Amino acid sequence: MGINPTNGKAQFIWLIDPVYADRGGKSAQMKLLAATTRVLGELLDHDPHFSHRFSRNPFYTGKAPTAYRWYRQHNRVMRLGDLVKKVRDMAGHDQFNPTPRQQFSSGRELINAVKSRREEAQAFKALAQDVDAEIAGGLDQYDPELIDGVRVLWTTQGKAARDETAFKHALKVGHRLRQQGQRLTDAAIIDAYEHAYNVAHAHGGAGRDSEMPPMRDRQTMARRVRGYVTQSKSKAYGSTSAPGKATSSERKALATMGRKGGQKAAQRWKTDPDGKYAQAQRSKLEKTHRKKRVEGQITRARIQALIGDSYVQTGTVLTRKQIMEETGLSRATVTRHLAALREQGMVPAE
């Protein structure tokens with residue numbers, strides 16, 4: 005320890021031999037020195053009268069009165085890692101315990117470990133999303149910016165944007181219903197729209213009359229919201245939890261599993277087309293095809309009902325562009341279903 009005889013400043017000195025660092029001055033030894041400096045500074049509240057950096061020469065033997073006088077405290081070598089642990093104990097801080105690196109005896113064991121870890125992360129994510137879905141509505145009452153569960157948008161002070169507020173609230177309710185696994189019915193979406201509109205009008209009407217859209221426009225709005233929600237690929241109102249990153253060896257293992265697995269699967273299809281593997285894959289494909297077929301039938305029925313409703317009320321048949329705007333479907337999907345309906349004679353002639 006070095007002590008300045010004039011001001012009482014003290015300084016530790018340590019020696020690590022050898023100390024390697026790259027051109028940027030970074031290395032494991034330098035990180036250890038930086039950690040020691042940091043914990044000592046935190047323990048001493050960064051007292052300016054205590055110096056623990058590397059600015060003093062311990063080998064100075066001149067007669068300068070302000071030079072540090074160095075005293076050997078003991079003959080024992082103290083590891084810096086042990087010093088950091090003792091300082092953290094004195095300060096009451098938690099010790100840093102790095103996660104031990106996993107060792108695997110084979111590639112198959114590594115692949116199984118990665119798969120199990122991914123399954124655990126997916127299960128945790130699903131659980132977190134369920135919890136978020138259950139408490140999302142209850143947390144609204146603690147949000148100071150919400151009025152009766154509605155986030156009112158303002159154009160000017162005291163004047164609310166009623167239509168925009170109502171539509172965004174209906175969209176928010178639609179996302180929550182989808183996340184909870186409930187049906188996106190017109191009634192639920194329209195109720196949310198009407199509630200938000202009435203709240204915005206009550207608190208930001210600014211003397212205006214209520215201009216609630218007619219029921220036909222509200223039904224159109226509900227179909228549009230349903231299309232936005234069902235076609236959305238973003239995780240709106242979802243959980244922010246995410247699984248941890250895989251190491252390079254784990255990524256290589258998964259990549260190898262994909263290549264080798266594909267080759268093995270191709271061999272099974274050729275050598276044993278009626279085996280258990282082929283039957284299991286066919287059953288998966290059949291389930292997927294059944295689901296896609298039902299989804300297509302539902303979409304076609306929606307388009308047919310939309311065309312029929314418009315024809316009964318207005319006497320005209322909706323164009324393809326209007327159907328796309330109402331349902332949120334792509335041009336190719338609408339064209340395909342319209343062609344099938346016309347072929348079956350289920351589209352009224354204009």
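Position in the sequence shown counted from 1, then plus 4, gives you the numbering used here.
Built from N, CA and C at the ideal position, the CB exists for glycine as well.
Please read all numbers here as calculations on a predicted model, not as lab measurements.
Sorted by chain position, which residues of the same chain lie with C-beta nearer than 7 angstroms to Ala39's C-beta, five sequence neighbours on each side aside?
Position 35 of the sequence shown, counting from 1, holds the residue named residue 39. Excluding sequence neighbours, Ala39 sits near Val88.
Give the secondary structure of Thr160 by DSSP, where H, G and I count as helix, E and B as strand, and everything else as coil.
Sequence index remark: in the sequence shown, residue 160 carries index 156 (1-based). Strand.
Closer than 6 angstroms by C-beta to Ala164: which residues in its own chain qualify, once you throw out the five before and the five after it? Chain order, please.
Translated into positions along the sequence shown, residue 164 becomes position 160. So the qualifying residues of the chain are Val156, Trp158, Ala204 and Gly208.
Taking C-alpha atoms, which residue in Leu37, Pro69, Asn116 and Arg346 lies nearest to Pro9?
Along the sequence shown, one-based indexing puts residue 9 at 5. If we check each option's Cα against that of Pro9, Pro69 comes out closest.
Counting C-beta neighbours from all protein chains within 10 Å, is the total for Glu113 16 or more, i.e. buried, or is it exposed?
On the sequence shown, residue 113 is found 109 positions in, with the first residue counted as 1. Using a 10 angstroms sphere on the CB of Glu113, the tally of other CB atoms stays under 16, which defines it as exposed.
Buried or exposed for Ile302, going by 16 or more other Cβ atoms inside 10 Å?
Locating residue 302 in the sequence shown gives position 298, where the first residue counts as 1. Label assigned to Ile302: exposed.
Nearest-angstrom Cα separation, counted from Gly45 out to Asp86:
The count along the sequence shown starts at 1 and reaches residue 86 at position 82. The count along the sequence shown starts at 1 and reaches residue 45 at position 41. Looking at the two C-alpha atoms, the distance is approximately 16 angstroms.
Among Gly178, Val154 and Ser236, which has the Cα closest to the Cα of Leu333?
Position 329 of the sequence shown holds residue 333. When each option's Cα is compared against that of Leu333, the closest is Ser236.
Give a yes or no on whether the C-beta atoms belonging to Ala117 and Gln126 are separated by under 8 angstroms.
Position 113 of the sequence shown holds residue 117. Position 122 of the sequence shown holds residue 126. No, the Cβ-Cβ distance between Ala117 and Gln126 is not below 8 angstroms.
In this structure, does DSSP put Val351 in helix, strand or coil?
Numbered from 1 along the sequence shown, position 347 holds the residue referred to as residue 351. DSSP places Val351 in coil when its eight states are reduced to three.
Counting beta carbon pairs with one atom in the stretch 274-290 and one in the stretch 323-331, are three or more of them shorter than 8 angstroms?
With a cut-off of 8 angstroms on Cβ pairs, the stretch 323-331 is not in contact with the stretch 274-290, counting fewer than three such pairs.
Taking the CB atoms as reference points, tell me whether Arg294 and Ala282 lie closer together than 8 angstroms.
Numbered from its first residue, the sequence shown carries residue 294 at position 290. Numbered from its first residue, the sequence shown carries residue 282 at position 278. Cβ atoms of Arg294 and Ala282: not closer than 8 angstroms.
Can you tell me whether DSSP reads Val91 as helix, strand or coil?
Here residue 91 refers to the residue found at position 87 of the sequence shown. Here Val91 sits in helix by DSSP.
Could you tell me which residues DSSP pairs with Val118 in its beta bridges?
The sequence position of residue 118 within the sequence shown is 114, counting from 1. Within the DSSP secondary-structure output, Val118 pairs in no beta bridge.
Express the C-alpha separation of Ile193 and Gln364 in angstroms, rounding to a whole number.
This structure leaves residue 364 out entirely; the chain is present only between 5 and 354.
According to DSSP, is Val154 part of a helix, a strand, or is it coil?
Counting from one through the sequence shown, the residue named residue 154 turns up at place 150. Here Val154 sits in strand by DSSP.
If you drop the 5 nearest sequence neighbours on each side, which residues of the same chain put their C-beta closer than 7 angstroms to that of Gly178?
Translated into positions along the sequence shown, residue 178 becomes position 174. Leu188, Ile193, Val229, Arg230 and Val233, listed in sequence order.
Burial state of Glu330, where buried means 16 or more other Cβ atoms lie within 10 Å:
By one-based count along the sequence shown, residue 330 stands at place 326. Glu330 is buried by the Cβ-count criterion.
When the distance is taken between beta carbons, is Ile311 closer than 8 angstroms to Val351?
Residue numbering aside, residue 351 sits at position 347 when the sequence shown is read from its first letter. Residue numbering aside, residue 311 sits at position 307 when the sequence shown is read from its first letter. Yes; because the gap between Cβ atoms is below 8 angstroms, this pair is in contact.
Check whether chain B comes within 8 angstroms of Gly211, counting only Cβ atoms and requiring the distance to be less than that.
No chain B is present in this structure, which holds just one protein chain.
When you compare the CB positions of Tyr201 and Ala226, do they come within less than 8 angstroms of one another, or not?
Locating residue 201 in the sequence shown gives position 197, counting from the first residue. Locating residue 226 in the sequence shown gives position 222, counting from the first residue. The answer is no: Cβ separation not under 8 angstroms.
Environment of Gln183 [buried if 16+ CB atoms lie within 10 Å]:
Position 179 of the sequence shown, counted from the first residue, corresponds to residue 183. Result: buried.
Inter-residue Cα distance where the pair is Lys172 and Leu47:
To locate residue 172, count along the sequence shown from 1; it is residue 168. To locate residue 47, count along the sequence shown from 1; it is residue 43. Lys172 and Leu47: Cα-Cα distance of roughly 52 angstroms.
Relative to the C-alpha of Arg42, which candidate in Gly29, Leu342, Gly211 and Ala95 has its C-alpha closest?
Walking along the sequence shown from the start, residue 42 turns up at place 38. Proximity to Arg42 across Gly29, Leu342, Gly211 and Ala95 peaks at Ala95, based on C-alpha coordinates.
Straight-line gap, Asp190 to Pro104 (C-alpha atoms, nearest Å):
Position 186 of the sequence shown, counted from the first residue, corresponds to residue 190. Position 100 of the sequence shown, counted from the first residue, corresponds to residue 104. Distance from the CA of Asp190 to the CA of Pro104, rounded to the nearest whole angstrom, comes to 54 angstroms.
Hey, His97 and Val154: beta-carbon distance below 8 angstroms or not?
Counting from one through the sequence shown, the residue named residue 97 turns up at place 93. Counting from one through the sequence shown, the residue named residue 154 turns up at place 150. No; because the gap between Cβ atoms is not below 8 angstroms, this pair is not in contact.
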